[in-house]
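Numbering of the sequence shown is given in the working numbering, commencing with residue 139 and proceeding in unit increments. C-beta: ideal position from N, C-alpha, C; glycine also. None of the values given here were measured: they were computed from a predicted structure. Just below is one structure, and these are the notes that go with it.
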Amino acid sequence: MSQEDNPFDESELLEIVENQLADNNPIKVKETLLRLTMKGMDRAEAMQYIACALSVEIIDVVENGQSFNHQRYGANLDLLPDMPWMED
């Protein structure tokens with residue numbers, strides 16, 4: 139996917155993740171951030187990984203008219219830092 143095809147830029151995705159952290163919803167976002175930073179990843183990098191997992195859902199909503207899939211988002215967060223969806 140090219141930058142032109144992406145409906146959100148990185149700063150917007152990171153803002154959404156920050157809002158999820160502030161709202162503690164979904165809790166899995168905070169758990170993922172803690173897990174990644176406890177493994178030695180700095181916060182900024184961990185946030186980028188989380189934003190990448192979020193982008194999968196945003197793209198599906200925008201391009202395919204699907205509802206936000208909370209279960210898949212949580213499953214993708216659990217996989218981080220691996221991102222098998224990027225291999226497609």
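- Membership of residue 192 in the alpha helix (DSSP H) is indicated by the continuous run 181-202.
- The beta carbon of residue 186 sits closer than 8 Å to the beta carbons of 148, 152 from its chain, once the five residues preceding and following it are set aside; these are given in chain order.
- Within a 10 Å sphere around the beta-carbon of residue 204 sit fewer than 16 other beta-carbons, which makes this residue exposed.
- Leaving aside the five residues that flank residue 206 on each side, the residues in its chain whose CB is nearer than 7 Å to its CB run, in chain order, 195, 199.
- Only exposed fits residue 162, as fewer than 16 other CB atoms lie within 10 angstroms of its CB.
- Residues of the same chain with their beta carbon placed closer than 7 Å to that of residue 213 are lacking, with the five preceding and five following residues left out of the count.
- Secondary structure of residue 221 (DSSP, three-state): coil.
- Taking C-alpha positions only, residue 210 is separated from residue 181 by approximately 23 Å.
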